[in-house]
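Chains as they are written, first to last, in the working numbering: chain A, 1128 to 1388; chain B, 859 to 1153; chain C, 14 to 240.
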Amino acid sequence: MTLIQRLTATDQPLLKVTGLTKNYGRRIGCADVSFDLHPGEVLGIVGESGSGKSTLLSCLAGHLAADQGQVIYDGQDVLAMAETERRRLSRTEWAYVHQNPRDGLRMGVSAGGNVGERLMAVGARHYGGIREKATDWLGRVEIPADRIDDRPSAFSGGMQQRLQIARNLVTGPRLVFMDEPTGGLDVSVQARLLDLLRGLVRDLGLSVIIVTHDLAVVRLLADRLMVMRQGRVVEQGLTDQVLDDPQHAYTQLLVSSVLQV
Amino acid sequence: MTDQAYNFAYLDEQTKRMIRRAILKGIAVPGYQVPFASREMPMPYGWGTGGVQVTAACLVPEDRLKVIDQGADDTTNAVSIRKFFQRTAGVDVTEATADASLIQTRHRIPETPLTEGQILVYQVPIPEPLRFLEPRETETRKMHELEEYGLMHVKLYEDIARHGEIATSYAYPVKVEGRYVMDPSPIPKFDNPKLSDSPAIQLFGAGREQRIYALPPYTHVVSLDFEDHPFSASKAPHDCDLCGAQESYLDEVITDDAGSRMFVCSDTDFCAGRRAQGMKGRLWASPEPATEELA
Amino acid sequence: MIRVENLSKSFAMHNQGGAVIPVMSGAELAVASGECVGLVGQSGSGKSTLMRMIYGNYLAAGGHIHVDGLDVTQAAPRQIIRLRRETLGYVSQFLRVVPRVPTLEVVAEPLLQLGHPAERARERAAGLLARLNIPERLWSLSPTTFSGGEQQRVNIARGFAHAYPALLLDEPTASLDAVNREVVLALIEEAKARGAAIVGIFHDEGARARVCDRLVDVTAFTPKAAA
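Have a look at this one:
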């Protein structure tokens, strides 16, 4: 299905978040966050360190328990669902790309095993088939097929990050969470990764929530932007509109603070 | 006969009750690792403290005990554990598999088929089959709870990717009654088929790790594999050089500095039994041919 | 196709003492299919601002903008995204792309977004690049390394890849030589002929005279200096 077909196929949001709140004791993690995410949409969340963007992402992905609010994924209440079900979702329909590939990869397992794990987790039991699919995905993230039996520890940072993406996308998820996916990478490597991500998002019609502090990354990847400060959403809208015509004082400060190259 | 300074079978009755509860729970949930409060035993970890505690909790004065290490009754570990229970419980001992009511074993299942009423106690060094790839205990427990066993196949995948076949030849993971994935202790994978549908009770004790798990009689146990790389219970492609057995698990013994070798049954009782019936292998000429050379 | 009603805009500068600067009020504009309207007015009079508001890039303070029936001032982001993908094209003065992506892909992307087969999208992109005299040896390189004029032509090719029913052109002929200027003007005429509604900003008076059916002076929408 093309993106447009997906967009027009249904007007139901894939993810509906209402009043999501998480506190760490008396400190606010994130407060009263609400938004809809539709199939095929890429939502960027920006804000400085401590603004609550990572807390929000962790709550959405179920890594942290929210204090209040609702997260409805495809009609199911994520916060109320049994852990078995939630973990099944996170192995099949969801994916989570960590900033540090070490957090998202098994460093002691070969590239092929890393990509194959999610397949085996959902019941694939044919070695040849698993390997074929892993090879295909390595190719899609531009890792040479002859590296399939190498461990990620032998890979460069950019390659590790691409491997993490392949490992996440191999089961055809619908919703991808990304936490600073271009974070620790060289600028030249970042560009390659961004291009790759854009292509995958477009071709697979993925819905993505991407957390970053890099405004250039969201401008290139995100359809919509949410600006967070001190746990709250201060502004949201079309990415280029928020960046080019920011309404909130904090967003104006954020945008004007970016160094021009 | 019993050394009166000790309670029957060394452990106090409260400890034995605690261990029996863990055993009963393990039998009720086949393949599930039950935590228990492992005691200090008068032997180092790695010498079978888990198995010894399970044996102690199961022993009754009428029992006849057999202890094997790698299939042999006469190795240090087997001898000391056997003597330990002779001294602390005063039970009869035997080397004959068929005569034993309780068998404690390290790394083997006897060749002679077990029967109803027998208990086989395994010494287990690492009970967690998932630890190889997931070191966090909290996470592996969660994976067992939620039946997330994809990782186990990752290990087998890595084997094939690296060696062209599943190279895991002992401690080969199994799935119990379609539910829990279990480490059968470091028995050779040759023994894996004997785990399944056995008439005997099989108990697994890990002392350092404080875990007990169990297979009640006639439990269905399947060795994990891939459709295109099916499990096979392999052994060295030889016959026993002493008794000529073709279907028993063999130890390879180097007999001189020139690299001469012989293959002998690892199950000493099984081998001796066959020889007593007059069956002979390639090197069985004099009563003790190998012993002399080895000495 | 494009209808602007009583549109106003102001910028609030929160970090500069909270100054609110009104830049536009009472703007009116209507562009029919097949028509090209040129925006005129001196620099800073709000031509680009109006164009950006039509594209949804700037928020309106008041009034309405209808593009193909959708009120851009009220629409949800994803409706605007869809509008931009299917209906409303925009050739800005600056090319903004992911570094390292080959020029051919940059130009083909609007078509790929719409789900056109990659082969056909690249064919169309190649045709446009050739017509705009971008040497074929550059097609596999990223346009970020190109000269200003080349970048501008890549931007135009990208803007014309899909046959948008409505087009916004911000100085499409600036920094082009006579030959390429001619190509761009022909592209605009072809778009008009197939029924595209076009709003353009042209400093080049010859170009303006040739493609624009009428002109709108945005100075008329400048708020009276509120004393």
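Cβ coordinates follow ideal geometry from the N, Cα and C atoms, glycine included.
Predicted model only: the values in this text are computed from it and were never measured.
Cα-Cα separation, A/H1225 to B/A1064:
36 Å
For the alpha helix (DSSP H) holding B/C916, just list the boundary residues, first then last.
907 to 916
Any idea which residues DSSP pairs C/E18 with across the strands?
C/H77
Based on the DSSP output, what are the partners of A/W1221 in its beta bridges?
A/L1302
Kindly identify the DSSP beta-bridge partner or partners of A/N1150.
A/I1155
So B/A867 and B/L923 are in contact, right, with Cβ under 8 Å, and what is the actual spacing, rounded?
The pair is not a contact, with the Cβ atoms about 10 Å apart (cut-off 8 Å).
Do A/A1349 and C/P112 have their CB atoms nearer than 8 Å?
no
May I ask which residues mark the beginning and end of the alpha helix (DSSP H) holding A/I1275?
Neither: A/I1275 is in no alpha helix (DSSP H) and is coded neither H nor E.
When the cut-off is 8 Å and only beta carbons count, does C/I34 lie next to chain F?
You won't find chain F in this structure, because its protein chains are A, B and C.
Those residues which DSSP pairs with C/P35 across a bridge:
C/S23
Per-residue contacts from A/S1237 into chain B (C-beta, under 7 Å)
E1016, A1019
Which runs of the alpha helix (DSSP H) fall wholly inside the stretch 997 to 1069 of chain B and span at least 4 residues, in chain order?
1008 to 1021, 1050 to 1053
Using a Cβ-Cβ cut-off of 8 Å, state whether B/F1084 counts as contacting chain A.
yes
Distance, A/L1370 Cα to A/D1341 Cα
12 Å
Cβ of A/L1380 within 8 Å of Cβ of C/N28?
yes
Less than 8 Å between CB atoms is the rule here; does A/Y1377 satisfy it with respect to chain B?
no
Looking only at its own chain, which residues have a Cβ that is under 7 Å from the Cβ of A/Q1288, when we skip the five neighbours before and after it?
P1228, P1308, L1312, L1320
Give, in chain order, every residue of the stretch 1230 to 1257 of chain A whose Cβ lies closer than 9 Å to some Cβ of chain B.
R1233, G1235, V1236, S1237, G1239, G1240, N1241, G1243, E1244, R1245, L1246, M1247, A1248, V1249, G1250, A1251, R1252, H1253, Y1254, G1255, G1256, I1257
Min CB distance A/G1364 to chain C below 8 Å:
yes
At a threshold of 7 Å, does A/I1270 count as lining the ligand PLP (C-beta to nearest heavy atom)?
The ligand PLP is not part of this structure, which contains no ligands at all.
Kindly provide the ranges of any alpha helix (DSSP H) runs that are 4 or more residues long and lie completely inside the stretch 924 to 988 of chain B, ordered along the chain.
934 to 947
Contact between the stretch 1136 to 1150 of chain A and the stretch 1188 to 1200 of chain A (3+ Cβ pairs under 8 Å)
yes
Near-chain A residues of the stretch 906 to 919 of chain B - C-beta to any C-beta below 9 Å
none
Is the number of C-beta pairs between the stretch 175 to 191 of chain C and the stretch 86 to 103 of chain C that are closer than 8 Å three or more?
yes
Taking just the CA atoms, how far does B/G909 sit from B/P1088?
31 Å
Distance, A/Y1377 Cα to C/G31 Cα
12 Å
What separation, rounded to the nearest whole angstrom, lies between the Cα atoms of C/A233 and C/P35?
14 Å
Could you compute how far the alpha carbon of C/V120 sits from the alpha carbon of C/R137?
9 Å
Is it true that the stretch 1006 to 1026 of chain B meets the stretch 1262 to 1269 of chain A, where meeting means three or more beta-carbon pairs spaced less than 8 Å apart?
no
Is it buried or exposed for B/D1115, if we count other Cβ within 10 angstroms and need 16 for buried?
exposed
Are the C-beta of C/Q87 and some C-beta of chain A separated by less than 8 Å?
no
Taking Cβ positions only, does C/H216 come closer than 8 Å to chain A?
no
Short of 8 Å in beta carbon distance, which residues of its chain neighbour A/R1258, apart from the five on each side in sequence? Order them along the chain.
G1239, G1243, I1275
By the three-class DSSP mapping on this structure, what secondary structure does A/E1168 have?
coil
Under 7 Å Cβ-Cβ, which residues of chain B neighbour A/T1211?
L1004
Chain-ordered chain A contacts of C/Y71 [CB-CB under 8 Å]:
Q1368, D1371, D1372
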